[in-house]
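Visitor:
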Amino acid sequence: MEKMICSSCGATMTPNNTQPFLTCEYCDTTVANPHYEQGTATAAPAVDLQALCVQKLMDMGKNENLADVADGCFGTPIQEAGTARSAMEIPDREKVYLVMDRSSIFWSVEEGLALADGGLYYKHDGETGKRSWESFITDAISFAAGSSKAQPGTLNIGTSLAFSITTEEDARIARFLVDYHNQVYRQYTGDAAPAAWTVTESEAVEEGSAGIGGLLGTVAAVATTLMRNNRARTVVPRSVVQRPVVQRSFRQTPPPKPQPRRMEPARPARPMGQPAHRPSAQRPGGMYRNGGHGGMGGPGGRGGPGRGRR
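For the record, in the sequence shown the residue sitting at position 7 is 127 according to this note's numbering, with numbers rising by one throughout.
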């Protein structure tokens with residue numbers, strides 16, 4: 121049976137052959153059901169979907185021991201659900217049977233979902249909302265498990281709700297929701313759930329447990345990378361010139377000693393007004409000096425008065 125699209129808001133509507141008109145769960149738009157069969161509707165008994173979903177939820181939850189997963193995640197109903205009820209705006213008159221949420225450091229619910237008497241309640245991207253049992257059961261659901269804490273899983277409900285699954289407790293509840301959803305869908309519609317509405321498990325490899333196969337794969341990947349790098353790079357050989365090694369002596373030669381400068385005797389200062397030199401005739405004791413041995417033509421010489429003979 122092919123799904124229908126609401127002409128007003130574009131939401132997905134799942135038709136059946138027992139109702140002449142279908143009502144959109146989002147905008148309350150009513151459209152004619154082209155798959156309606158009057159004879160089938162008269163013969164088929166009416167199904168109380170709410171009673172079916174609640175009873176199936178309690179039975180499967182007990183068999184799966186969901187109460188042991190975490191405190192306050194499952195009950196028939198849950199006795200203490202005040203935090204989830206307030207965060208997801210669940211009416212006080214409704215009983216809560218299943219809760220999966222993520223709390224902040226202040227113990228307030230940041231994101232999560234709950235199944236109560238009225239259907240699916242949720243808080244997603246900071247907004248709260250509700251899906252009726254029919255909208256929840258007839259819409260798509262899937263869970264892709266994560267491989268580690270660094271790569272969490274995702275629980276998808278319909279086309280607009282995607283919840284991040286980071287703990288093993290939440291992953292167990294997510295697997296239960298997919299199984300529960302598909303069983304109720306088959307019992308309600310008589311058809312098997314589509315193949316895409318399933319749980320996908322990822323193959324996680326823990327650190328230090330790869331074994332010989334993982335080690336060989338790592339070595340092969342490294343060798344392939346090295347070969348690729350060697351092919352891409354051309355190495356040009358270069359000749360290395362050997363330079364002679366000069367042995368240096370660490371003995372230092374002392375600098376030459378400075379030679380003492382020879383000092384000449386100072387000449388006596390010449391009196392002021394006296395010429396630099398006098399003629400030899402005026403010098404005392406010279407050849408022409410009076411009273412001396414005399415010279416050729418001076419006093420006391422051969423031609424002049426001097427010491428006479430006695």
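Virtual Cβ for every residue (Gly too), placed ideally from N, Cα, C.
Taking only the alpha-carbon atoms, compute the straight-line gap between S267 and V189 and give it to the nearest angstrom.
Guide: 20 Å
Visitor: Report the residue ranges of all beta strand (DSSP E) runs contained in full by the segment 248-304; include only those spanning at least 3 residues, in chain order.
Guide: For the segment 248-304, the full-length beta strand (DSSP E) segments reaching 3 residues or more read 261-264, 273-277 and 281-285 along the chain.
Visitor: The alpha helix (DSSP H) with T203 in it runs from where to where?
Guide: Unbroken alpha helix (DSSP H) run through T203: G202 to M208.
Visitor: I need the straight-line Cα distance from T150 to K250, nearest angstrom please.
Guide: 19 Å
Visitor: Taking Q303 as the reference, which of D290, W317 and S322 has the closest Cα?
Guide: W317
Visitor: With 8 Å set as the bound, which would you pick, yes or no: does the beta-carbon of T248 sit closer than that to a beta-carbon of chain C?
Guide: No chain C appears in this structure, which consists of one protein chain only.
Visitor: Which word fits D245, buried or exposed, when buried means at least 16 other C-beta atoms lie within 10 angstroms of its C-beta?
Guide: It counts as exposed.
Visitor: Starting from L177, trace the alpha helix (DSSP H) both ways and give me its first and last residue.
Guide: Counting along the chain, the alpha helix (DSSP H) containing L177 begins and ends at L169 to N183.
Visitor: Are the beta-carbon atoms belonging to C193 and L233 less than 8 Å from one another?
Guide: no
Visitor: Which value, in whole angstroms, describes the spacing of the CA atoms of T258 and E321?
Guide: 23 Å
Visitor: Going by beta carbon distance, what residues of the same chain come within less than 7 Å of Y156, once the five residues before and after it are set aside?
Guide: Contacts found: N137, Q139 and P140.
Visitor: Whose C-beta lies closer than 6 Å to the C-beta of V319 among residues of the same chain, with five residues either side of it excluded?
Guide: F263, R295 and V298
Visitor: State whether the segment 273-280 contacts the segment 203-217, with contact taken as three or more CB pairs (one from each stretch) at a distance under 8 Å.
Guide: Verdict: no, contact absent.
Visitor: For T320, does the three-state DSSP call read helix, strand or coil?
Guide: strand
Visitor: Taking its Cβ as the centre, do 16 or more other Cβ atoms sit within 10 Å of D179, making it buried, or is it exposed?
Guide: Burial check for D179: the Cβ neighbour count within 10 Å stays below 16, so the residue is exposed.
Visitor: How should A152 be labelled, buried or exposed, when 16 other C-beta atoms within 10 angstroms of its C-beta is the threshold for buried?
Guide: exposed
Visitor: Taking just the CA atoms, how far does R381 sit from A401?
Guide: Annotation note: pLDDT 49 at A401 (below 50); position unreliable, coordinate value reported separately. Their Cα atoms are separated by approximately 40 Å.
Visitor: If C144 and W253 are in contact, beta carbons under 8 Å, what's the gap, nearest whole angstrom?
Guide: Not confirmed; about 15 Å, so no contact.
Visitor: Which residues does DSSP pair with V151 in a beta bridge?
Guide: L142
Visitor: Round the Cβ separation of M220 and K243 to the nearest angstrom and send it over; I've been treating them as touching at under 8 Å.
Guide: Not really, about 11 Å apart at Cβ, beyond 8 Å.
Visitor: Buried or exposed: where does S128 fall if 16 or more other Cβ atoms within 10 Å of its Cβ makes it buried?
Guide: exposed
Visitor: Could you say which of T279, R292, I293 and K269 lies nearest to T286 if we only look at CA atoms?
Guide: K269
Visitor: Take the Cβ of S280 as the centre, count every other Cβ of all protein chains shown within 10 Å, and call the residue buried at 16 or more, exposed below.
Guide: exposed
Visitor: Considering only their Cβ atoms, is the gap separating A187 from E214 smaller than 8 Å?
Guide: no
Visitor: Whose C-beta lies closer than 7 Å to the C-beta of Y308 among residues of the same chain, with five residues either side of it excluded?
Guide: V167, L169, L172 and I257
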